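For the record, the sequence lines run as chains A and B.
Per the working numbering: the first sequence ends with 406, consecutive numbering throughout.
Per the working numbering: the second sequence ends with 136, consecutive numbering throughout.
Yeah, the Cβ is synthetic: ideal placement off N, Cα and C, and Gly gets one too.
These numbers come from a predicted model, not from an experiment.
Structure first, then comments.
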Amino acid sequence: MGKTLEEINQKIRRGDVVVVTAEEMVDVVAEKGPKKAAQEIDVVTTGTFGAMCSSGLMMNLGHSKPRIKFGGGQVRLNRVPAYAGLAAVDIYLGATALPDEDPRNAVFPGEFRYGGGHVIEDLVAGRQVLLEATTYGTDCYPRRQISTYVTLKEMNEAYLFNPRNSYQNYNVAVNKSDRTIYTYMGALKPRLSSANYCSAGQLSPLLNDPAYRTTGIGTRIFLGGGIGYVAWQGTQHSPGAKRNELGIPVAGAGTLAVVGDLKQMTARWLRGASFRGYGTTLMVGLGIPIPVLDEELAASTGASDADIQASVIDYSQTYPNREPDVIARVSYAELKTGTIQVDGKSIPTTPLSSYPLAREVAGTLKDWITSGKFELTSPAALIPGPETGAVMGPMPDHAPTEAAVS
Amino acid sequence: MSVSHKVVLHFPPAVVEQPVIYHLSRDYDLAFNILKASISPQEEGLMVIELSGDEPDFRRASDYLMKQGVRLQPLLQDIRRNDDRCVHCGACVGVCPSEALTLERPTMRVIFRADECVACGECVPTCPVRAMELHF
Numbered sequence: 001m002g003k004t005l006e007e008i009n010q011k012i013r014r015g016d017v018v019v020v021t022a023e024e025m026v027d028v029v030a031e032k033g034p035k036k037a038a039q040e041i042d043v044v045t046t047g048t049f050g051a052m053c054s055s056g057l058m059m060n061l062g063h064s065k066p067r068i069k070f071g072g073g074q075v076r077l078n079r080v081p082a083y084a085g086l087a088a089v090d091i092y093l094g095a096t097a098l099p100d101e102d103p104r105n106a107v108f109p110g111e112f113r114y115g116g117g118h119v120i121e122d123l124v125a126g127r128q129v130l131l132e133a134t135t136y137g138t139d140c141y142p143r144r145q146i147s148t149y150v151t152l153k154e155m156n157e158a159y160l161f162n163p164r165n166s167y168q169n170y171n172v173a174v175n176k177s178d179r180t181i182y183t184y185m186g187a188l189k190p191r192l193s194s195a196n197y198c199s200a201g202q203l204s205p206l207l208n209d210p211a212y213r214t215t216g217i218g219t220r221i222f223l224g225g226g227i228g229y230v231a232w233q234g235t236q237h238s239p240g241a242k243r244n245e246l247g248i249p250v251a252g253a254g255t256l257a258v259v260g261d262l263k264q265m266t267a268r269w270l271r272g273a274s275f276r277g278y279g280t281t282l283m284v285g286l287g288i289p290i291p292v293l294d295e296e297l298a299a300s301t302g303a304s305d306a307d308i309q310a311s312v313i314d315y316s317q318t319y320p321n322r323e324p325d326v327i328a329r330v331s332y333a334e335l336k337t338g339t340i341q342v343d344g345k346s347i348p349t350t351p352l353s354s355y356p357l358a359r360e361v362a363g364t365l366k367d368w369i370t371s372g373k374f375e376l377t378s379p380a381a382l383i384p385g386p387e388t389g390a391v392m393g394p395m396p397d398h399a400p401t402e403a404a405v406s
Numbered sequence: 001m002s003v004s005h006k007v008v009l010h011f012p013p014a015v016v017e018q019p020v021i022y023h024l025s026r027d028y029d030l031a032f033n034i035l036k037a038s039i040s041p042q043e044e045g046l047m048v049i050e051l052s053g054d055e056p057d058f059r060r061a062s063d064y065l066m067k068q069g070v071r072l073q074p075l076l077q078d079i080r081r082n083d084d085r086c087v088h089c090g091a092c093v094g095v096c097p098s099e100a101l102t103l104e105r106p107t108m109r110v111i112f113r114a115d116e117c118v119a120c121g122e123c124v125p126t127c128p129v130r131a132m133e134l135h136f
């Protein structure tokens, strides 16, 4: 007999809810089995902390006197361009945006010292940021340029809207070429001499709810140190990706679009980041609580690093050319030992997703729930699951077709 | 005038199997003391070495190394970690040649042991959050 989400929330209010992290749940399920674990445990908390490029900040800056309309003009924050194609003073700043004057990869590998992710970190840390805008004047918005300092506190709204976060599993990146390559998966040494992976494995949110049974639109989450919500499935959401016998994807699969008030968040959980030779991004701390409604959810939250595999991909040829080849599949348990065996070769591994901070996210969320400050929500709607078979498609690259012309 | 320099040599894969250090000693009369080396056949190599000898010989030896495709970099003074910035992502561990940066298991925290550091500087631009800092 399962329990309902409302019963769990009543326990949270009463103060007798039983919460464990996904890491702790591995031991609980191993020791007691999923049936008993489902009876004893009410909520499992997950966490992840890593670079998530599809992240950005939606802002309303308030109106200047006289008024200015950014739409159709250009806006920069600390020289980093923001998107202004919206109403007068609404702008969106993406994590990978770079100042026009950044040399990028002109001298390879470029350093990418400062971009959109760093502006977001500066704002959340309370620092003043230089806003510069030029635009055309109208009868109702006569002002054509402005240069002023803004802070997060003074903004009317500032919320993260991250179109793709919390990837359910990810590639292990290797390099078969003869030279070091510089990727969003870090620097990769030549001839299979390093392997970089990027998932919290057994702590990772969607790997604990592999069929998105409890994580859907409206699910309340930990985002950047504050409270956020799942807004939609993320871009490139591919629930139909190949799965193992436990139903856990063996490559990047589901993703989430998430939203949350930046004013509640902290710089500890949102870090501007620079990947040498690649660009800037934002490191995000994100955690999702999973209500243990039944035995199946106890089993999936109890899955360990040994139960979760990732695909080893060559980032010198296969990835850039969008080829399908997978060199090998390895478990997170193997990855975390520090070496994997591929083609008879022993390759040192490096994580790019912080496991210590993922653990801290899951622990913080556990404290919030146990202390009664965070109740669970039932999704307003589910996101497409494995049964849809949906996978992301490629970009078309051709002349207009008849169908498109007509 | 006699000089002594601590330098980092970056070897491209093709040069790794050449007896470069032998030539430094035989042809340029430099005394060498290898402080750290991370060199495997057919891979990019890195060596921290102290070279001593006459200044003109050292300059000619530098030209020789450049012609061989070996990048020569003066040894940096001091690398420190800003612990407030480090997020323990591990990106630095893969590029560190001297095991000064390692992952502690099972905590998966990145440990920095300054006494193992050869100050090659590889971690500085690799760290995504700029936690590894150069001090002179």
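D27/A, DSSP secondary structure in three states = helix
Would you call T281/A buried or exposed, if buried means 16 or more other Cβ atoms sit within 10 Å of its Cβ?
-> buried
Per DSSP, the bridge partner or partners of P74/B | V7/B
Assign H135/B to one of two classes, buried (16 or more other C-beta atoms within 10 Å of its C-beta) or exposed (fewer than that).
-> exposed
Tell whether a beta-carbon distance below 7 Å holds between A298/A and T48/A.
-> Here A298/A is not near T48/A, since their CB atoms are 7 Å or more apart.
So the alpha helix (DSSP H) G116/A belongs to, where does it begin and stop?
-> 116 to 124
Where F58/B sits in the DSSP three-state scheme | helix
Which residue's Cα is closest to the Cα of L192/A: K345/A, T350/A, T364/A?
-> K345/A
Cβ neighbour criterion (16 or more within 10 Å) applied to L152/A = Burial call: buried.
Residue range of the alpha helix (DSSP H) that includes H237/A | From DSSP, H237/A is part of no alpha helix (DSSP H); its letter is neither H nor E.
Can you tell me the Cα-Cα spacing of M108/B and V87/B, whole angstroms?
-> Computed Cα separation, rounded: 11 Å.
Using a beta-carbon distance below 7 Å, is R14/A in contact with chain B?
-> no
Does the Cβ of T407/A have 16 or more other Cβ atoms within 10 Å, making it buried, or fewer, making it exposed?
-> Because chain A here runs from 1 to 406, residue 407/A falls outside it and cannot be looked at.
Alpha carbon to alpha carbon, what distance is there between A257/A and E101/B?
-> The residue asked about is misnamed: residue 101/B is Leu in this sequence, not Glu. Cα to Cα, the separation comes out at about 35 Å.
Test: C89/B CB closer than 7 Å to a CB of chain A | yes
Along chain B, in chain order, which residues have C-beta atoms closer than 7 Å to that of P356/A?
-> H88, T107, M108, R109
Check L5/A in the structure and name its three-state DSSP category.
-> Here L5/A sits in helix by DSSP.
Counting contacts by CB-CB distance shorter than 7 Å, is P74/B in contact with chain A?
-> no
Chain-ordered chain A contacts of L9/B [CB-CB under 7 Å] | Those within 7 Å of L9/B in chain A number zero; the least Cβ separation is about 16 Å.
With burial defined as no fewer than 16 other Cβ atoms inside 10 Å of the residue's Cβ, what is the status of A125/A: buried or exposed?
-> exposed
At what residues does the beta strand (DSSP E) containing A333/A begin and finish?
-> No beta strand (DSSP E) holds A333/A; the alpha helix (DSSP H) holding it covers 332 to 337.
Considering only the beta carbon of each residue, do V361/A and G302/A sit closer than 7 Å?
-> no
Which of helix, strand or coil does DSSP assign to A22/A?
-> helix
Return the bridge partner residues of N60/A from the DSSP annotation.
-> D90/A, E157/A
Is the Cβ-Cβ distance between G226/A and M265/A less than 7 Å?
-> yes
Residues near R268/A by beta carbon distance below 7 Å, same chain, minus five either side | G225
Flag G47/A as yes if its beta-carbon sits less than 7 Å from any beta-carbon of chain B, otherwise no.
-> Chain B contact via Cβ: absent.
With contact counted as at least three CB pairs below 8 Å, one residue from each stretch, are the stretch 20 to 30 of chain A and the stretch 301 to 319 of chain A in contact?
-> yes
Local Cβ density within 10 Å of P239/A, reported as buried at 16 or more and exposed below that | buried
On the three-state DSSP scale, how would you describe G45/B?
-> strand
Proximity to V15/B [Cα-Cα], best of K6/B, G45/B, R26/B, C123/B | G45/B
Leaving out five residues before and five after G216/A in sequence, what residues of the same chain have Cβ atoms less than 8 Å from its Cβ?
-> Counting only Cβ-Cβ distances below 8 Å, and skipping sequence neighbours, we find V230, P379, A380, A381, L382, I383.
Could you check if M31/A is buried or exposed, using at least 16 other CB atoms within 10 Å of its CB as the buried criterion?
-> Here residue 31/A is Glu; the residue named in the question, Met, does not match the sequence. By the 10 Å Cβ count, E31/A comes out exposed.
Could you check what DSSP says for Q10/A in three-state terms: helix, strand or coil?
-> DSSP places Q10/A within a helical segment (H, G or I) once states are collapsed to three.
Would you mind working out which of V391/A, V89/A, T46/A sits nearest R243/A, comparing C-alpha positions?
-> V391/A
Considering K345/A, what are the terminal residues of the beta strand (DSSP E) in which it resides?
-> K345/A -> beta strand (DSSP E) spans 345 to 351.
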